[in-house]
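Asks:
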Amino acid sequence: MATELPDGFRYLPDFLSREHQQALVAAIRNVVLEAPLYTPEMPRTGKPMSVRMTNCGDLGWVTDRERGYRYQERHPVTGRPWPAIPPQLLDLWQSVSGYDKMPEACLVNFYGAEAKMGMHQDRDETDLAAPVVSVSLGDQCQFRIGGPARSDPTRSFRLSSGDVVVLGGRSRLSFHGVDRVFPTTSTLLKNGGRINLTLRRVNP
Ligand code: SIN
Ligand code: FE2
């Protein structure tokens with residue numbers, strides 16, 4: 012029984028060549044040198060998330076027990092401004108987003124073998140007309156997407172390294188998450204794991 016995927020959802024399998032993926036990994040390594048991965052906490056409970064995170068761009072998405080989900084200009088651990096978004100990612104945004112303004116934030120999620128991400132909406136942005144553009148690198152994962160209500164039916168499929176997903180239009184506020192990572196399904200990252208890069212426009 013096929014569940015209709017919401018309008019504006021685009022799945023672009025194998026969008027990035029292996030060379031392009033390698034160049035992105037090198038660029039993200041530089042980001043992480045300047046802005047180290049850290050373990051975010053859920054609002055209120057302070058429960059650690061299983062993914063590690065950092066950001067690049069003018070703004071970065073962060074969460075902790077006291078102040079919850081938000082965007083801010085500085086890394087929560089080092090206090091330094093986020094490094095710039097690598098040019099390859101700005102090019103990617105321009106080729107797939109259909110949006111004239113540039114992204115302000117690029118969230119970097121690192122998933123080890125045990126990491127996952129619960130179903131959620133991306134709704135901390137003021138500009139909901141801009142799509143969310145998401146890139147997968149490294150090990151495959153089981154990605155799940157539903158509709159704008161938590162109770163809407165969901166569909167899941169495997170995302171592989173080099174795949175790009177766009178949540179725009181009526182899918183912009185669709186619930187989505189990552190059920191699991193499939194270890195050793197990619198040779199891109201020498202120590203395994205999965206990187207997800209999420210580009211977002213925050214302010215109109
Ligand atoms: C996210 O929704 O922040 C991450 C999605 C993914 O890892 O593919
Ligand atoms: Fe998300």
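Using my numbering, you'd call the opening residue of the sequence shown number 12 and step up by one each time. Cβ coordinates follow ideal geometry from the N, Cα and C atoms, glycine included.
For residue 66, which three-state DSSP category applies?
Replies: Here residue 66 sits in strand by DSSP.
Asks: Leaving out five residues on either side along the sequence, give the residues of the same chain with a beta carbon under 6 Å from the beta carbon of residue 213.
Replies: Result list for residue 213: 70, 82, 115, 116 and 136, in chain order.
Asks: May I have all residues whose beta carbon comes closer than 6 Å to any heavy atom of the ligand FE2, sorted in chain order?
Replies: 131, 133 and 187
Asks: Please indicate yes or no: does the CB of residue 226 lie closer than 8 Å to some heavy atom of the ligand SIN?
Replies: Because the chain in this structure spans residues 12 to 215, residue 226 falls outside the shown range and cannot be described.
Asks: Select from 199, 31, 17 and 191 the residue whose C-alpha is nearest the C-alpha of residue 123.
Replies: 191
Asks: Starting from residue 206 and walking both ways along the beta strand (DSSP E), at which residues does that stretch end?
Replies: 205–211
Asks: Leaving out five residues before and five after residue 205 in sequence, what residues of the same chain have Cβ atoms less than 6 Å from its Cβ?
Replies: 122, 149, 150, 152 and 192
Asks: With burial defined as no fewer than 16 other Cβ atoms inside 10 Å of the residue's Cβ, what is the status of residue 90: buried or exposed?
Replies: exposed
Asks: Taking buried to mean at least 16 other C-beta atoms within 10 Å of its own C-beta, is residue 13 buried or exposed?
Replies: Unreliable placement is indicated for residue 13, whose pLDDT of 49 sits below 50; the coordinate value is still reported in the next sentence. Under this definition residue 13 is an exposed residue.
Asks: Output the boundary residues of the beta strand (DSSP E) element that contains residue 153.
Replies: Annotation for residue 153: the continuous beta strand (DSSP E) segment containing it runs 151–156.
Asks: What does the Cβ neighbour count give for residue 131, buried or exposed, with the cut at 16 atoms within 10 Å?
Replies: exposed
Asks: Under the DSSP definition of a beta bridge, which residues are partnered with residue 144?
Replies: 177 and 210
Asks: Given a cut-off of 9 Å, decide if residue 46 and residue 104 are closer than it, judged by their beta-carbon atoms.
Replies: no
Asks: For residue 42 and residue 164, what's the separation of their Cα atoms in angstroms?
Replies: The C-alpha of residue 42 lies about 37 Å from the C-alpha of residue 164.
Asks: Just the C-alpha distance for residue 175 and residue 141, rounded to the nearest angstrom, thanks.
Replies: 16 Å
Asks: Out of 59, 177 and 33, state which residue places its alpha-carbon closest to the alpha-carbon of residue 18.
Replies: 177
Asks: Could you pull out every residue in the same chain whose Cβ sits closer than 8 Å to the Cβ of residue 33, ignoring the five residues on either side in sequence?
Replies: Sequence-distant Cβ neighbours of residue 33 in its own chain, meaning closer than 8 Å and more than five residues away, are 199.
Asks: Under the three-state reduction of DSSP, which class applies to residue 101: helix, strand or coil?
Replies: helix
Asks: Relative to the alpha-carbon of residue 50, which residue among 25, 78, 87 and 24 has its alpha-carbon at the smallest distance?
Replies: 87
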